[in-house]
Amino acid sequence: MYARGMRRCLVVVTLALSLLGCGKKHGGGKGTGGGGGGDREAPALPGQVQLLVDGKPVANADRAAAAAWTPLTSLLPANARDPKTWAIVEVHTHAGRITTMPEPASTQPGLVAAVFPGRDGGIDFGMFTADELAKHGTPKLVEMDVSDLRVKLAQPVASGTDGSGSASDGGSGGGNGEGNGSNRAASPDGPDLTNIKLTIKQKSGDLELTGADLGAIAKVNAPIGDTSTPGWDVASILAAKKITPTAKLIITDDSGASVTMTSKQLDPKTDLAFMKVNKQGQLRFRLFEKNSGGAWDVAGDLRGVTMIELVP
132 MYARGMRRCL
142 VVVTLALSLL
152 GCGKKHGGGK
162 GTGGGGGGDR
172 EAPALPGQVQ
182 LLVDGKPVAN
192 ADRAAAAAWT
202 PLTSLLPANA
212 RDPKTWAIVE
222 VHTHAGRITT
232 MPEPASTQPG
242 LVAAVFPGRD
252 GGIDFGMFTA
262 DELAKHGTPK
272 LVEMDVSDLR
282 VKLAQPVASG
292 TDGSGSASDG
302 GSGGGNGEGN
312 GSNRAASPDG
322 PDLTNIKLTI
332 KQKSGDLELT
342 GADLGAIAKV
352 NAPIGDTSTP
362 GWDVASILAA
372 KKITPTAKLI
382 ITDDSGASVT
392 MTSKQLDPKT
402 DLAFMKVNKQ
412 GQLRFRLFEK
422 NSGGAWDVAG
432 DLRGVTMIEL
442 VP
């Protein structure tokens, strides 16, 4: 019923959050995203969706909240209600599916994240136009039978710094090193790979790649966004180490947030699992997907990537 692009984007939880729940640590899904398994003491109760901000449980949304078609902004604490501050929203389902929506205010402008009633008493998540949400209509994007919603907030960057305490060159790229490339001088030697480490976790044993290892692999450019800064295709990284992709791959950052993808998403005709070194010297990951119209969309986004896990 929903198009392929709908499986990517999601976020929302509802107003049926009891204020009582805001101070309690009920558990949630078993997924790896959002940095958060260690903060939970027990799973969320049946018929509830756990809400987490920066890995910390803040509330549960129940069926009453879903029945009210509640916007996610109404369910989160005051410091997390502005969608412009959401760097990443992860949606976990009871089936174990994890969907990542990066910077929804930018990638899904004008849409409202909300929870609404699903089938068989479950709770679904969708991205709605304001009109469709008001009339309980059809979402533009949807994820069904949600177990938890995880919001990772953008980190504030002090004026004149790049977020690491060093002087910044400013410009249109903001503090995340992800501008269009015009706001910084290109280094003739390329990015500094000295401190880069990437672990490939696999059944046969973990393999650690250094910056020098990555520097020897052929580079590619992103299809949209910053197209001037080269990086690496995950498929090429695995091929360079003679590693055969498994059915499922999990890309994880240093906060514990993750993007789960399949081996089919290593096909360059439809997807690009792209990594590059950003201005902070971190590995930045973006999963690009072609939509039904042939244009590229961002389906996953992480900073500070440390691991590629191959799941048999």
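In this note's numbering, the protein residues as written are 132 to 443.
The beta-carbon is built from N, C-alpha and C at its ideal position, and this holds for glycine as well.
In this text, all values refer to a predicted model and were calculated from it rather than measured experimentally.
**Asked** How should residue 359 be labelled, buried or exposed, when 16 other C-beta atoms within 10 angstroms of its C-beta is the threshold for buried?
**Response** The residue labelled residue 359 in the question sits at position 228 within the sequence shown. Exposed, by the Cβ-count rule.
**Message:** Taking only three categories from DSSP, how would you classify residue 395?
**Reply:** If you number the sequence shown from 1, residue 395 lands on position 264. Reduced to three states, the DSSP call for residue 395 is helix.
**Item:** For residue 347 and residue 286, the rounded distance between their alpha carbons
**Value:** For this step, residue 286 is matched to residue 155 along the sequence shown. For this step, residue 347 is matched to residue 216 along the sequence shown. Pairing residue 286 with residue 347, the inter-Cα distance amounts to about 32 Å.
**Prompt:** Taking the Cβ atom as the reference point for each residue, do residue 331 and residue 338 lie within a distance shorter than 8 Å?
**Reply:** The residue labelled residue 331 in the question sits at position 200 within the sequence shown. The residue labelled residue 338 in the question sits at position 207 within the sequence shown. One thing to note: residue 331 has its Cβ within 8 Å of the Cβ of residue 338.
**Item:** Assigned secondary structure, residue 206 (DSSP; H/G/I helix, E/B strand, else coil)
**Value:** Along the sequence shown, read from residue 1 onward, the residue named residue 206 stands at position 75. DSSP places residue 206 in coil when its eight states are reduced to three.
**Message:** Starting from residue 344, trace the beta strand (DSSP E) in both directions and tell me its first and last residue.
**Reply:** Working through the sequence shown from its first residue, we reach residue 344 at position 213. For residue 344, no beta strand (DSSP E) segment is defined; the enclosing uninterrupted segment is the alpha helix (DSSP H) at 342-346.
**Request:** Return the CA-CA distance between residue 278 and residue 205, expressed in angstroms with no decimal places.
**Result:** As a first step, residue 278 is located in the sequence shown; it is residue number 147 there, counting from the start. As a first step, residue 205 is located in the sequence shown; it is residue number 74 there, counting from the start. Whole-angstrom Cα-Cα distance: 18 Å.
**Request:** Taking residue 222 and residue 274 to be in contact with their CB atoms under 8 Å, please state how far apart those CB atoms are, rounded to whole angstroms.
**Result:** Numbered from its first residue, the sequence shown carries residue 222 at position 91. Numbered from its first residue, the sequence shown carries residue 274 at position 143. Between residue 274 and residue 222 the Cβ distance is about 5 Å, and since that is below 8 Å, they are a contact.
**Item:** Sequence-distant residues of the same chain with beta carbon closer than 6 Å to residue 361, five excluded per side
**Value:** Translated into positions along the sequence shown, residue 361 becomes position 230. Around residue 361: 350, 352.
**Asked** What do you get for residue 266, buried or exposed, if any count of 16 or more other CB atoms within 10 angstroms of its CB means buried?
**Response** Here residue 266 is taken as the residue at index 135 of the sequence shown, counted from 1. Exposed.
**6 Å CB neighbourhood of residue 340 in its chain, flanking five on each side removed** = Walking along the sequence shown from the start, residue 340 turns up at place 209. Here residue 340 has 329 as same chain residues with Cβ atoms under 6 Å from its own Cβ, once five neighbours each way along the sequence are excluded.
**Prompt:** Taking DSSP as the reference, what is the three-state secondary structure of residue 290?
**Reply:** As a working note, residue 290 is residue 159 in the sequence shown. Confidence at residue 290 is low in this model, with a pLDDT of 46, below 50, so the placement of that residue is unreliable and no value is reported for it.
**Bridge partner(s) assigned by DSSP for residue 239** = Along the sequence shown, one-based indexing puts residue 239 at 108. For residue 239, which the question treats as bridged, DSSP gives no partner whatsoever.
**Prompt:** Are there 16 or more other CB atoms within 10 angstroms of the CB of residue 442, so buried, or fewer, so exposed?
**Reply:** As a working mapping, residue 442 is identified with position 311 in the sequence shown. Result: exposed.
**Item:** Whole-angstrom distance between residue 257 and residue 272, CA atom to CA atom
**Value:** Walking along the sequence shown from the start, residue 272 turns up at place 141. Walking along the sequence shown from the start, residue 257 turns up at place 126. Cα-Cα distance, rounded: 5 Å.
**Item:** Proximity to residue 216 [Cα-Cα], best of 234, 208, 375
**Value:** Taking the first residue of the sequence shown as position 1, residue 216 is located at position 85. The shortest C-alpha separation from residue 216 is found at 234.
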